[in-house]
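Notes follow once the structure below has been shown.
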């Protein structure tokens with residue numbers, strides 16, 4: 607009776623240790639190796655609009671596209687969006703020569719007061735103007 611409780615506590619402790627060890631193996635390098643497309647730093651202006659044409663003016667604001675790949679982008683904004691919703695993203699062509707694209711918001715997280723980070727997946731891949739940026743964040747400007 608008492609032995610079963612101790613045995614389950616031991617197993618629970620081992621499961622927690624195994625979970626911590628697997629998290630330790632999940633480094634940025636591992637995630638980058640799993641990416642389908644290379645990322646490019648951009649720090650360019652982007653306009654986020656509702657995907658539905660009849661609601662396009664209801665959601666219409668500017669944000670900063672921090673980085674981009676052929677399959678998606680990361681955006682910093684003072685407004686939060688609903689994860690799972692579709693949006694029409696318009697890039698400032700003078701800063702980043704990427705055509706407007708429909709995208710799904712996959713992530714929206716609070717960074718600090720009035721600052722949110724959002725991750726978008728493009729519904730169709732885009733062709734980027736140049737190769738990946740090694741170190742400078744203003745290389746595509």
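Residue numbers (our numbering): 607 to 747.
By construction, the Cβ of each residue, glycine as well, lies at the ideal position given by its N, Cα and C atoms.
- Item | Helix, strand or coil at residue 719 according to DSSP, with G and I counted as helix | coil
- From the DSSP output, in three-state form, read off residue 686 for me. coil
- Item | Rounded C-alpha distance that separates residue 727 from residue 704 | 14 Å
- Item | Opening and closing residue of the beta strand (DSSP E) in which residue 650 lies | Counting along the chain, the beta strand (DSSP E) containing residue 650 begins and ends at 646-656.
- Item | beta strand (DSSP E) segment containing residue 668, residue limits | 666-675
- Can you grab the Cα-Cα spacing for the pair residue 735 / residue 664, in whole Å? 31 Å
- In chain order, what residues of the same chain lie with their CB nearer than 6 Å to the CB of residue 684, ignoring the 5 residues before and after it? Same-chain partners within the cutoff: 720.
- Message: For the beta strand (DSSP E) containing residue 696, name the first residue and the last one.
- Response: 692-697
- Query: Where does residue 645 land, buried or exposed, given buried means 16+ other C-beta within 10 angstroms?
  - Reply: buried
- Are residue 725 and residue 712 closer than 8 Å when you measure CB to CB? yes
- Item | Nearest residue (CA-CA) to residue 688, options 660, 709, 648 | Selected option, being the one with the closest Cα: 709.
- Do residue 670 and residue 651 have their CB atoms nearer than 8 Å? yes
- residue 733 burial status per 10 Å Cβ neighbour count (16 or more: buried): Its Cβ having fewer than 16 others within 10 Å, residue 733 is exposed.
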